[in-house]
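Below is one structure, written out as structure tokens, with a few remarks after it.
Number of protein chains: 2
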Amino acid sequence: MKRAVILLSGGLDSSTTLAIAKNSGFKLFGLTFRYGQRHKFEIISAQKIAQAYNLADHKITEIDLRTFGGSALTDDLDVPKDRNNGTMNKSIPITYVPARNTIFLSFALAWAEVLGANDIFLGVNSMDYSGYPDCRPEYIQSFTSMANLATKAVVEGKQSIKIQTPLINMTKKEIIKKGLKLGVDYSLTHSCYDPENDGISCGRCDACQIRLRGFQEAGIKDPIKYCNPS
Amino acid sequence: MKRAVILLSGGLDSSTTLAIAKNSGFKLFGLTFRYGQRHKFEIISAQKIAQAYNLADHKITEIDLRTFGGSALTDDLDVPKDRNNGTMNKSIPITYVPARNTIFLSFALAWAEVLGANDIFLGVNSMDYSGYPDCRPEYIQSFTSMANLATKAVVEGKQSIKIQTPLINMTKKEIIKKGLKLGVDYSLTHSCYDPENDGISCGRCDACQIRLRGFQEAGIKDPIKYCNPS
């Protein structure tokens, strides 16, 4: 059975990616980061999903990105609300975390080398998303090129890294439909950026609004609870 | 004054790189990792050097690469000794740490973005070295391409990342001569991989042997202490 590392945030996209990877026959090793995110409820979701899918291993790695700051997800800045008025993709919001996917993928690369895995699954999406630079196909391609020069196993011809991003060209509606077809239990997932409300989703941040619109377009009710039901 | 992040291990190469960067007029922000290395004496050296050069800031970031394993620098494996018989560059030794420079550079990239810095200094060297894949010029070029797609500041035209590797094509002898010219106090530095001997260098691991040969070829006595003086 081929091994793969999967970056698992506990959100809708990474959970769907996990279901796709499992369905493709990979033996999966989940990697989640406690990076100083204020919306730490997502880590609990990641644990539930890892358990539901009976992963070969699930590591929760501590890295403190608060040291550098620069994001509303780690610093004491207000998470923007109600931006969903057509402007969403025009500017990169302050929920962007500097170099986050580069850091996450670098750790995944280290683990992949130790495991003898060629594949790293990442649930990025460049259709219905917040415009983050490290979710774009050209970024993923460039990381892949770099990774294929970076490790001992690659140099010795024992590894050839592929960053698998099955959702990258899908809309949120398509992702949800795909996930439901594969049996993803979206009630276990957490997307909201808001650190308040005891883990009940706000319904108003970018992450909630993109998610809610996806369920609406798919014609399905989102199974998670919201503070501000529409 | 232009800002730059410098990766500072406490060794001979990163200290010389620091002197070169300082001499080029950069305002420097040092980044050191407590990554689970058993030869943790190098962190004390990094602190001494940061202080000697009066860095604008010096962060010691905790990341636990022992989680993944795969290296004699983090795991309970013997550090190879006395390999310096002409075979040194023929195989990558078990002191290689999976994806280490990729992880270090990713954190440096995050900090550079927050600081508004374009430059990241890294003391890699592809002449007198242990054959690590992530010290080669082609790897550095590829990381640079990736970095220039990865950040918000890059996408917004506010940042253009350069990975500065002034030592990459120098021999150890040349590095030492350059450093001495710039006034580097090599007595503050630590190169040895051996976790034993209370921080006194073993003189027999790759790092010690490359260093000792460099000083010998430069015709200068290495100012640090060794357990096994030759």
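These protein sequences, in sequence, are chains W and S. Residue numbering for the first sequence follows the working numbering, beginning at 1 and increasing consecutively. Residue numbering for the second sequence follows the working numbering, beginning at 1 and increasing consecutively. The C-beta atom is built at its ideal place from N, Cα and C for all residues, glycine as well.
Close CB contacts of Y226 (chain W) within its chain, under the 6 Å cut and outside five residues either way in sequence, are with S201 and G203 (chain order). Not flagged as an interface residue toward chain W: K162 (chain S), since no C-beta distance is shorter than 8 Å. Contact of E42 (chain S) with chain W is not assigned, every C-beta pair being separated by 8 Å or more.
For the region 22-54 of chain S, there are no residues whose beta carbon sits under 7 Å from a beta carbon of chain W. From the beta-carbon of S145 (chain W), the residues of chain S found nearer than 9 Å are S142, S145 and M146.
What T151 (chain W) touches in chain S, judged by beta-carbon distance under 7 Å, is P98, A99 and P133, going in chain order. Residue ranges of uninterrupted beta strand (DSSP E) with 3 or more members, entirely inside the region 87-137 of chain S and ordered along the chain, are 119-121. The Cβ atoms of K178 (chain W) and T16 (chain W) sit closer than 8 Å to each other. Around T102 (chain W), the beta-carbon contacts reaching into chain S at under 8 Å are S106, L109, A110, M146, A147 and A150. Proximity of chain W to F68 (chain S) at the Cβ level (cut-off 7 Å) is accounted for by A110, W111 and V114, in chain order. For K178 (chain S), the three-state secondary structure derived from DSSP is helix. Annotation: the region 13-79 of chain W contains the following complete segments of the beta strand (DSSP E) (minimum length 3 residues), in chain order: 27-34 and 57-62. Secondary structure of V184 (chain W) (DSSP, three-state): coil.
The beta carbon of K158 (chain S) sits no closer than 8 Å to any beta carbon of chain W. Rounded to whole angstroms, F143 (chain S) and M146 (chain W) show a C-alpha spacing of 6 Å.
Shortest Cα-Cα distance from G10 (chain W) to any of W:G123, W:L180 and W:E138 involves W:G123.
With respect to F33 (chain S), T61 (chain S) sits close: the two C-beta atoms are nearer than 8 Å.
Within its own chain, the residues whose Cβ lies closer than 7 Å to the Cβ of S45 (chain W), once the five positions on either side in sequence are excluded, are G10, L188, T189 and H190, listed in chain order. Taking a C-beta cut-off of 8 Å against chain W, none of the residues of the region 170-195 of chain S qualify.
Contacts with chain W at 8 Å (Cβ-Cβ) include T61 (chain S). Counted as a single uninterrupted DSSP element, the stretch harbouring K81 (chain S) is not any beta strand (DSSP E), since DSSP gives it neither H nor E. N23 (chain W) and L182 (chain W) have their C-alpha atoms roughly 8 Å apart.
Taking a Cβ-Cβ threshold of 9 Å, the residues of chain W close to I92 (chain S) are K152, V155 and E156, in chain order. D64 (chain S) reaches chain W at T61 and E62, counting residues in chain order whose Cβ is nearer than 8 Å.
Rounded to whole angstroms, the Cβ separation of K2 (chain S) and G25 (chain S) is 7 Å, and the two are in contact under 8 Å.
Each residue's CA atom was taken as its position, placing L167 (chain S) and L167 (chain W) some 41 Å apart. When beta bridges are read from the DSSP output, I163 (chain W) appears opposite W:I120. Here DSSP, grouped into helix, strand and coil, assigns S9 (chain S) to coil.
Counted as a single uninterrupted DSSP element, the alpha helix (DSSP H) harbouring G214 (chain S) occupies residues D206 to A218.
By the neighbour-count definition (other C-beta atoms within 10 Å, threshold 16), G214 (chain W) is a buried residue. A straight-line Cα-Cα distance of about 17 Å links P195 (chain S) and R211 (chain S). The DSSP-derived three-state label of S191 (chain S) is coil. Residues of chain S whose Cβ lies closer than 9 Å to the Cβ of Y139 (chain W) are, in chain order, M146, L149 and A150. The region 97-115 of chain W makes contact with the region 150-164 of chain W, as at least three CB pairs between them are under 8 Å. Taking C-beta separations shorter than 6 Å and ignoring five residues to either side along the sequence, the partners of L8 (chain S) in its chain run S14, G30, T32 and A46, following chain order.
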